[in-house]
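Chains as they are written, first to last, in the working numbering: chain A, 1 to 74; chain B, 1 to 385. Backbone N, C-alpha and C define an ideal beta-carbon position, used for all residues, glycine too. All values derive from a computational prediction rather than experimental measurement. Please read the structure below before turning to the comments.
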């Protein structure tokens, strides 16, 4: 996870800017109307939540896996 | 970025965060139930539904409802009449004066068709009103509003400086790095960075619109100060109106002036919020976007004539758009749930930030950054110029 070299700026800020762009688009879309823009806003605002879940949960799964492995010898 | 610059931005981030964190935690915690205010109030069920009527049933006269309210409370003054958005109900606000305290105000709800009194409640008498007053003004009126408005400005500064220092702190880490197995500080640092940067855009919008809402009273007063002299100039030297003309007639005049709008409320003549000689009739558009944009019509209480309706100034338009963007109540229940999730995530950012500050090493991050400066200059020496 840790890289030795310094990452270029776009590698550091790429994901944050993408998430920010979707958030802003979602917030604005729901203002413009019901129906499609509203559904789009739900997806767009789920994006930041999903990104956090994807980054945190594999570790949770891995830990659960480890625990099961630990239990195996018993 | 130079290490010296990073240190400067880091200080801005640390101090702006420390100043506003406690207030923000309060705002996040009280804001959480407020997102679902409509649902909670419905669930608490202090709500008397109007009788079911077939379409086309004639509506009760507003003048009769006003007269009924006045008979009920002869010592109080009618402040406003409002229309319920979802049901055929008419709300009447009544209080000793226009600048009386919230707990001196009463709300009367009437059936819009039969004109029957459905509810008679005191404002600030229920749980959600208390939560709102804590959230918006710390129970201290304008002082609290302005204090919280300032705090949300500090929050915006903390977000911007957080965005700037995110780069240098993450320059050797992949996006989304989370190391739960190491030192707790590392774990909380990763969590703070990840959740903070991903929710930043939303937090920025809620912070900025929070400031807008906090200064709504001064903004509205500014508008009054600009509009009233023009409106009241022709009346100079004339006595104050003794009797108010029909509200129903004023409503018809307002509808004729803005045929594409629906009327949402009528503010009675007063010296505090509106004009002493006019009914201030608020109207809104009918589409999703224009229903957020309110346009007032002022109708003379004596002559019944409408003042030429002028569009609101830009700062009040901005305030109107700020409201839904702060409350998150403009995209159905799924949007409210997402709003609540993001609110909880913001609490995670705040608490992890507090942890990182409280558990800091004896050597502060400033000192760590000093080491960085030395390291950087050492590197510069190595690289042939």
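>> Suppose you measure from the CA of residue 15 of chain A to the CA of residue 53 of chain A; what does that come to, to the nearest Å?
In response: 14 Å
> Closer than 8 Å, CB to CB, is residue 297 of chain B near chain A or not?
Replying inline: no
>> In the DSSP assignment, the beta strand (DSSP E) including residue 294 of chain B goes from what residue to what residue?
In response: 294 to 300
> Which runs of the alpha helix (DSSP H) fall wholly inside the segment 119 to 171 of chain B and span at least 4 residues, in chain order?
Replying inline: 127 to 137 and 142 to 170
> With 16 other CB atoms within 10 Å as the buried threshold, where does residue 386 of chain B fall?
Replying inline: Nothing about residue 386 of chain B can be reported from this structure: the residues present for chain B run from 1 to 385 only.
> Which full runs of the alpha helix (DSSP H) of 4+ residues lie inside the segment 236 to 274 of chain B, going along the chain?
Replying inline: 247 to 257
>> Tell me which residues of the segment 320 to 332 of chain B have at least one Cβ-Cβ distance to chain A shorter than 8 Å, keeping chain order.
In response: 321, 324, 325, 330, 331 and 332
> Hey, how far is the Cα of residue 387 of chain B from the Cα of residue 263 of chain B?
Replying inline: There is simply no residue 387 of chain B to check, as chain B begins at 1 and stops at 385 in what is shown.
> Mapping DSSP to helix, strand and coil, what is residue 183 of chain B?
Replying inline: coil
> Applying a beta-carbon distance threshold of less than 8 Å, which residues of chain B neighbour residue 24 of chain A?
Replying inline: 201 and 205
> So which residues of chain B does residue 30 of chain A contact, with C-beta pairs closer than 7 Å?
Replying inline: 330, 331 and 335
> How many angstroms separate the CA atom of residue 105 of chain B from the CA atom of residue 96 of chain B?
Replying inline: 7 Å
> Taking Cβ positions only, does residue 141 of chain B come closer than 8 Å to chain A?
Replying inline: no
>> Given a cut-off of 8 Å on the beta-carbon distance, is the pair residue 37 of chain A and residue 24 of chain A in contact?
In response: no
> If you measure beta-carbon to beta-carbon, which residues of the segment 172 to 193 of chain B are closer than 7 Å to chain A?
Replying inline: 172, 173, 174, 175, 176, 177, 178, 179 and 180
> Between B:89, B:215 and B:346, which lies nearest to residue 116 of chain B when the distance is taken from Cα to Cα?
Replying inline: B:89
>> Among B:218, B:31, B:287 and B:149, whose alpha-carbon lies nearest the alpha-carbon of residue 132 of chain B?
In response: B:31
>> Please list, in chain order, the chain B residues whose beta carbon lies closer than 9 Å to that of residue 36 of chain A.
In response: Chain B residues near residue 36 of chain A: none, gap ~12 Å exceeds 9 Å.
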